[in-house]
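**Student:** There's a structure below that I have some questions on.
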Amino acid sequence: MKKKQSQIILSKYSPLMAVDAELFTQDGNKLPTPRVFSLCRCGASNNKPFCDGMHATIRFSGERKPNKALHKKPQEYKGSKVTVHDKRALCCHHGTCNLIGVFTHEKPWIKPDNAERTEDVVEIVKKCPTGALTATIDNKEIKNWFEQQKIIIQKNGPYYIQGGVKLIDDQATDTVLVTEDHYALCRCGASNIKPLCDGTHTSINFKDEK
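In the working numbering, the protein residues as written are 1013 to 1222.
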């Protein structure tokens, strides 16, 4: 039997409504949930990660600020064996792109040929939780690698979505994602690219518990 397509549905003022989705902690523990459940994205719920209606009390708005970079194609950084694609506007600054000499703080930002092994570059790309990074080898772009549909709650951070969970929202977020295989959704309520995470939870010191 073909597994049901998991979905996350939202509007500008609503929480995240998960349908036919499995919810996990970052430690891999599966949480019991009904077929349809609501997850907080305003950052104010007293029952995190679940919504308790606080978004209405604080008059939360999920409106995304205009950001032309979200609609640009990823930058290409070509190497002799692998090309890395970087859509920087989707970056949540998770810090996994830390391969010394390859991911740098000077232009060009990414230098694939500085890696000892092509596999090392691909492994770093696969650690990117937002889909901002992908790679092309032998004319084939590598951007889908999760088989199980999951919503993973990061402690004091965003939701990591894996396995092709369909994102449906009233601001057409699916048109800016590089891949639906994996992406990150804001949980603190302060991201500038809502409903996607941009790493703002770190700068505002977002916490699960008050």
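All residues carry an ideal CB built from backbone N, CA and C; glycine is no exception.
Model, not experiment: these values are computed from the prediction.
Among the candidates R1047, N1110 and R1053, whose CA atom is the shortest distance from the CA of N1126?
**Tutor:** Closest option to N1126, Cα to Cα, is N1110.
**Student:** Considering only the beta carbon of each residue, do G1055 and F1218 sit closer than 8 Å?
**Tutor:** Yes, Cβ-Cβ distance for G1055 and F1218 is below 8 Å.
**Student:** Who does S1057 pair with in a DSSP beta bridge?
**Tutor:** According to DSSP, which records beta bridges pairwise, S1057 is partnered with nothing at all.
**Student:** Any idea if A1068 is buried or exposed, counting beta-carbon neighbours within 10 angstroms, 16 or more meaning buried?
**Tutor:** Exposed.
**Student:** At the level of alpha carbons, what is the spacing between G1113 and K1123?
**Tutor:** Taking the straight line joining both Cα atoms gives about 7 Å.
**Student:** Please report the distance separating the alpha-carbon of Q1166 from that of D1039.
**Tutor:** Straight-line Cα distance between these residues: approximately 9 Å.
**Student:** Touching or not, the stretch 1174 to 1181 and the stretch 1015 to 1022, by the rule of three or more beta carbon pairs under 8 Å?
**Tutor:** Yes, since at least three Cβ pairs between the stretch 1174 to 1181 and the stretch 1015 to 1022 fall closer than 8 Å, the two stretches touch.
**Student:** Cβ atoms of L1051 and A1030: under 8 Å apart, would you say?
**Tutor:** For A1030 and L1051, yes; Cβs fall inside 8 Å.
**Student:** Give me the DSSP bridge partner(s) of S1050.
**Tutor:** Looking at the DSSP assignment, S1050 forms a beta bridge with M1029.
**Student:** Just curious, the beta strand (DSSP E) that H1067 is in, first and last residue?
**Tutor:** Counting along the chain, H1067 falls outside any beta strand (DSSP E), though it belongs to the alpha helix (DSSP H) covering M1066 to T1069.
**Student:** Using three-state DSSP, classify K1093 as helix, strand or coil.
**Tutor:** If DSSP states are grouped into helix, strand and coil, K1093 belongs with coil.
**Student:** I'd like to check one pair, C1103 with T1146: are the Cβ atoms closer than 8 Å?
**Tutor:** In this structure, C1103 does not lie closer than 8 Å to T1146 by Cβ.
**Student:** Going by Cα to Cα distance, which pick from R1199, K1162, S1073 and D1098 is closest to L1189?
**Tutor:** Comparing Cα positions, the closest option is D1098.
**Student:** Output needed for E1192: all residues of its chain with C-beta closer than 6 Å, excluding positions within five of it in sequence on either side, in chain order.
**Tutor:** G1176, listed in sequence order.
**Student:** Could you have a look at D1125 and say whether DSSP puts it in helix, strand or coil?
**Tutor:** D1125: helix per DSSP, three-state reduction.
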